[in-house]
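*Asks:*
Protein chains in written order, with this note's numbering: chain B, 10 to 458; chain Y, 569 to 1031.
1. If I measure Cβ to Cβ from residue 168(B) and keep anything under 6 Å in the same chain, skipping five residues before and after, which residues do I get?
2. Should the stretch 957-971 of chain Y be called in touch with the stretch 794-814 of chain Y, which here means at least 3 C-beta pairs below 8 Å?
3. I need the DSSP call for residue 336(B), collapsed to helix, strand or coil.
4. Answer with yes or no whether the minimum CB distance from residue 587(Y) to chain B is below 8 Å.
5. How many Å lie between residue 276(B) and residue 315(B) at the Cα?
6. Determine the direct distance from the alpha carbon of residue 761(Y) to that of residue 10(B), and round the result to whole angstroms.
7. Quick one: residues in its chain with C-beta nearer than 6 Å to the C-beta of residue 92(B), no 5 flanking neighbours on either side, listed in chain order?
8. Excluding five sequence neighbours on each side, which residues of the same chain lie with their C-beta closer than 6 Å to the C-beta of residue 1031(Y)?
9. Taking C-alpha atoms, which residue in 457(B), 447(B), 224(B), 74(B) lies nearest to residue 366(B)?
10. In chain B, what lies closer than 9 Å to residue 754(Y) by C-beta?
11. So for residue 306(B), helix, strand or coil by DSSP?
12. Going by DSSP, what residue range makes up the beta strand (DSSP E) through residue 767(Y)?
13. So the beta strand (DSSP E) residue 1005(Y) belongs to, where does it begin and stop?
14. Hey, is residue 140(B)'s beta-carbon within less than 8 Å of any beta-carbon in chain Y?
15. Go through the stretch 108-187 of chain B residue by residue and report every complete run of the beta strand (DSSP E) that reaches 3 residues or more, in order.
16. Counting only beta-carbon separations shorter than 8 Å, does residue 865(Y) have a partner in chain B?
17. Which value, in whole angstroms, describes the spacing of the CA atoms of residue 76(B) and residue 250(B)?
18. May I ask you to list, following chain order, the residues of the stretch 86-111 of chain B that have a beta carbon less than 9 Å from some beta carbon of chain Y?
19. At what residues does the alpha helix (DSSP H) containing residue 801(Y) begin and finish?
20. If I follow the unbroken beta strand (DSSP E) through residue 203(B), where does it start and stop?
21. For residue 689(Y), go through chain B and note every residue whose CB falls closer than 8 Å to its CB, in chain order.
22. Taking buried to mean at least 16 other C-beta atoms within 10 Å of its own C-beta, is residue 906(Y) buried or exposed?
23. Which runs of the alpha helix (DSSP H) spanning at least 4 residues fall entirely within the stretch 860-947 of chain Y, listed in chain order?
24. Indicate the three-state DSSP secondary structure (helix, strand or coil) for residue 706(Y) in the structure shown.
25. Between residue 331(B) and chain Y, is there a C-beta pair that is closer than 8 Å?
26. DSSP on residue 457(B), reduced to helix/strand/coil?
27. Could you work out which residues of chain B lie near residue 655(Y), taking near to mean beta carbons separated by less than 7 Å?
28. Less than 8 Å between the C-beta atoms of residue 617(Y) and residue 632(Y), yes or no?
29. Would you check if the distance between the CB atom of residue 473(B) and the CB atom of residue 99(B) is smaller than 8 Å?
30. Looking at residue 255(B): is its Cβ nearer than 8 Å to the Cβ of residue 387(B)?
31. Given that a residue counts as buried once 16 or more other Cβ atoms are within 10 Å of its Cβ, and exposed if not, what is residue 926(Y)?
32. On the DSSP bridge list, what partners appear for residue 726(Y)?
33. Check residue 393(B) in the structure and name its three-state DSSP category.
34. Rounded to whole angstroms, what's the CA-CA distance from residue 949(Y) to residue 799(Y)? Just pull it up for me.
35. Pull out every residue of the stretch 808-839 of chain Y whose Cβ sits closer than 9 Å to any Cβ of chain B, in chain order.
36. Which residues does DSSP list as the beta-bridge partners of residue 262(B)?
Structure (structure tokens):
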């Protein structure tokens, strides 16, 4: 408490100093934290790492000109120096005539349970290493495979102060792991992975990650090339979540709307996909890895419906976009890195279930593809989709037949959304991100045969 | 400072085979971005910190600290030793370090014209012109983004082998992106320049002409055909060849991937892995490219690496550890993104060497297929040897000639099959892919290129 009061004083002084130097508005974004990583390579611990993650980002506006300055050092002198730099740059910058104001102040913030977990923050390095060894052992339990990957424990305190009176702090901790597995049978090689990110030690299952990655890799042995043709595609829940998130994140982003590149610019209220699709962004989900009390400008988080029964309902925005477009600020500012200007980004997508079982969707598909944790994301900043299938299987006569290699999918986001013709009733909830499996009626498949 | 850091290492007694290094890094840079006619941001970034590695009894430990305070560095060093000891107790795959390999050196960047002597205002005007000509070319250009980024850093590397290296690195980048749109048809094009040379490179550029050409391409692609789908013969331009050699081959040449059993090239040293037209190099000593450097992040002096000679694999890219484990000479390929990361094996400037075919001869060699140009990045699964990358656009090749234009598309293939299926190598070598390469969450500046090449039977994922 004493430490944060001292820092609070430093930040108050820094804001006053920036205003005295001539800035009209000023914002400080501070991260203080650490992360411990256990790196795995060739079925063993490769290295253990303990990293400092600290930094200060300052955004200053003078006569609508913006200056951003960041530093990894956050003592009093360095803070003053970096504020000065940001103010100087803001005076050099021509005005951004669209800019109106930084956000705030706000009286009420949500308090979400489970953002910071003492179990995670206090997890010993030895325990993290043991978890990593468990992941390796479970991957090797039934199969002779090669295991690599990492387990990471992170803790960060985020603090945002601005000259309009925003003064907020939140603690975020997480425990994550990713395991990559290579399986070999004679000349045949298959690779796969599994991962998990949680905010609690209890939920984290390193045994599952290792075992699933191993089973996935084994299931992909014996992959075959297929001929080019048009086929339906079933995406599992991870593939569906990643595909729909990537489309919506470029399609309903208020900043992309301003730029003219949002896929669904001027289409709010229009049916853009199957009426069984309702998709919300929910940063309030207790213990969710995408959850937080406020966004990267200190704006209180809230739930937002983006697609309701297939109809585009809202753009997601930050303060800048909300002011320019004259819409509500949905609190989706995200900095990406300390030195970035905050832009709108999704936090945690949740997609409602449909009426099919996954087994029914597969059984009803005479010939098609089943993609596992492999998404169809638009590429090269256009609505076109042209991707290699990482983990896919051919379905024949309603059953999974064999894994695929050298197989690509070509379509575009409008056709993909229009062609969703089945949504599963089972959903997978991965620490707050929720999705069913979906089927796309038809897409061009480029095969290597 | 160098001597004081050395003293920290000397306070501890290391057994034979144990090792530690301390790497101090201090960097700063600016970024100017103009988007759709308005200033998006002007940034200044400063980064200081220390990364410390220790190898004790075969266990690796790494600790970073955001401070140049000697007491803090010493504390972090002690922690790195403890972390390494704890790792040693748990690991079954022991780390290893080369012996008798010390480098003492100092490199200072020597610009003809120092970019930091040029005012922000002057830099801003260049970015402004670039963005403006691109945007104003047509109403159908709905979005533009031009940027200039510069970064300059100093590193001080001291290790228990006796290495003491002070090195500097700087890069300067200028890029412009344009998105054209007509209804639901959108095309996005991008061009970038990256150099480790000075401001004189920027002075030679003609951003007005470059911006116009970029905008013209964005508009032409709106009317281009949907790309074809299936397995077909292709000609790749220099930028795609750059991504191809970097992604599909270079990553598999990294010795840490070989040791981790994560590379398709494991066990293939000295074997014929491609057609005899193929010669591949990685050369950080080429001056001025984005992946050029003198000392790597372990203090090893970089050298030119001959990776493939007439289709035969001849060497790997090495760190000190991979060289020790494989009984090879270190060749300066260990790079770290910043003080917060351990150095790992990376490429610098990777390229396929020039052949003797003209562009017309390349088209003629495949007769019918597609010409793909301007990379949009890609990735490879080094263990499986399967790659995937994207082109901003291209043309149908019919009867050995370029025909109608096609829109953006991706392609895929198996690394070694593609090297073997190369049927002609062009003579016009260019380094057209200045990029940032990601591996294990670390992004480092690289450059890649080659001449255009003709390859049989690549899967193209069109519509």
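Here a beta-carbon is modelled for each residue, glycine too, at the ideal position from N, C-alpha and C.
*Replies:* A quick look at the data gives this:
1. Working through the first chain from its first residue, we reach residue 168(B) at position 159. Cβ within range, chain order: 39, 178.
2. yes
3. As a position in the first chain, residue 336(B) is number 327, starting the count at 1. Residue 336(B) falls in the coil class under three-state DSSP.
4. The residue you call residue 587(Y) lines up with position 19 of the second chain. False, the Cβ-Cβ gap to chain B never drops below 8 Å.
5. Stepping through the first chain from its first residue, residue 276(B) is reached at position 267. Stepping through the first chain from its first residue, residue 315(B) is reached at position 306. Computed Cα separation, rounded: 12 Å.
6. The residue you call residue 10(B) lines up with position 1 of the first chain. The residue you call residue 761(Y) lines up with position 193 of the second chain. Confidence at residue 10(B) is low in this model, with a pLDDT of 37, below 50, so the placement of that residue should be treated as unreliable; the coordinate-derived value is given next. Those two C-alpha atoms are separated by around 49 Å.
7. The residue labelled residue 92(B) in the question sits at position 83 within the first chain. For residue 92(B), where only same-chain residues beyond five positions count, the Cβ hits under 6 Å are 23, 26, 27, 67.
8. In the second chain, residue 1031(Y) corresponds to position 463, counting from 1. Answer for residue 1031(Y): 794, listed in chain order.
9. The residue you call residue 366(B) lines up with position 357 of the first chain. It is 447(B) whose Cα lies nearest to the Cα of residue 366(B).
10. By one-based count along the second chain, residue 754(Y) stands at place 186. The answer, in chain order, is 270, 272, 390, 391, 392, 393.
11. Indexing the first chain from 1 puts residue 306(B) at position 297. Coil.
12. Residue 767(Y) sits at position 199 when you count from the first residue of the second chain. That residue, residue 767(Y), is in no beta strand (DSSP E); its alpha helix (DSSP H) goes 767-772.
13. To locate residue 1005(Y), count along the second chain from 1; it is residue 437. Looking at the DSSP string, the run of the beta strand (DSSP E) that includes residue 1005(Y) is 998-1007.
14. Counted from its first residue, the first chain places residue 140(B) at position 131. Cβ-Cβ to chain Y under 8 Å: no for residue 140(B).
15. 154-171
16. Translated into the one-based positions of the second chain, residue 865(Y) becomes position 297. No, its Cβ sits nowhere closer than 8 Å to a Cβ of chain B.
17. Here residue 76(B) corresponds to residue number 67 of the first chain, with the count starting at 1. Here residue 250(B) corresponds to residue number 241 of the first chain, with the count starting at 1. Roughly 36 Å separates the two Cα atoms.
18. 87, 90, 91, 94, 95, 97, 98, 99, 101, 102, 103, 104, 105, 106, 107, 108
19. What you label residue 801(Y) is simply residue 233 of the second chain in a count that begins at 1. Here residue 801(Y) belongs to no alpha helix (DSSP H); instead the beta strand (DSSP E) covers 797-804.
20. What you label residue 203(B) is simply residue 194 of the first chain in a count that begins at 1. Taken as a continuous stretch (DSSP letters only), the beta strand (DSSP E) holding residue 203(B) covers 197-207.
21. Numbered from 1 along the second chain, position 121 holds the residue referred to as residue 689(Y). Under the 8 Å cutoff, chain B gives 101.
22. Mapped onto the second chain, residue 906(Y) falls at position 338. Burial call: buried.
23. 888-894, 927-934
24. For the purposes of this step, residue 706(Y) is taken as the residue at position 138 of the second chain. Residue 706(Y): coil per DSSP, three-state reduction.
25. As a position in the first chain, residue 331(B) is number 322, starting the count at 1. Output row for residue 331(B): interface = no.
26. For the purposes of this step, residue 457(B) is taken as residue 448 along the first chain, with counting starting at 1. Reduced to three states, the DSSP call for residue 457(B) is coil.
27. If you number the second chain from 1, residue 655(Y) lands on position 87. 54, 56, 57, listed in chain order.
28. Your numbering for residue 617(Y) matches position 49 in the second chain. Your numbering for residue 632(Y) matches position 64 in the second chain. Yes, Cβ-Cβ distance for residue 617(Y) and residue 632(Y) is below 8 Å.
29. Given a span of 10 to 458 for chain B in the structure shown, any question on residue 473(B) remains unanswerable.
30. Here the question's residue 255(B) lines up with position 246 in the first chain. Here the question's residue 387(B) lines up with position 378 in the first chain. Yes, the pair counts as a contact, with Cβ atoms nearer than the cut-off.
31. Taking the first residue of the second chain as position 1, residue 926(Y) is located at position 358. Counting Cβ neighbours within 10 Å, residue 926(Y) comes out exposed, since fewer than 16 surround it.
32. Your numbering for residue 726(Y) matches position 158 in the second chain. In the DSSP output, where bridge partners are listed per residue, residue 726(Y) has 590(Y), 732(Y).
33. Here the question's residue 393(B) lines up with position 384 in the first chain. Strand, per DSSP.
34. Stepping through the second chain from its first residue, residue 949(Y) is reached at position 381. Stepping through the second chain from its first residue, residue 799(Y) is reached at position 231. The alpha-carbon atoms of residue 949(Y) and residue 799(Y) are separated by roughly 20 Å.
35. 824, 827, 828, 829, 830, 832
36. As a working mapping, residue 262(B) is identified with position 253 in the first chain. DSSP output for residue 262(B) lists 325(B) as bridge partner(s).
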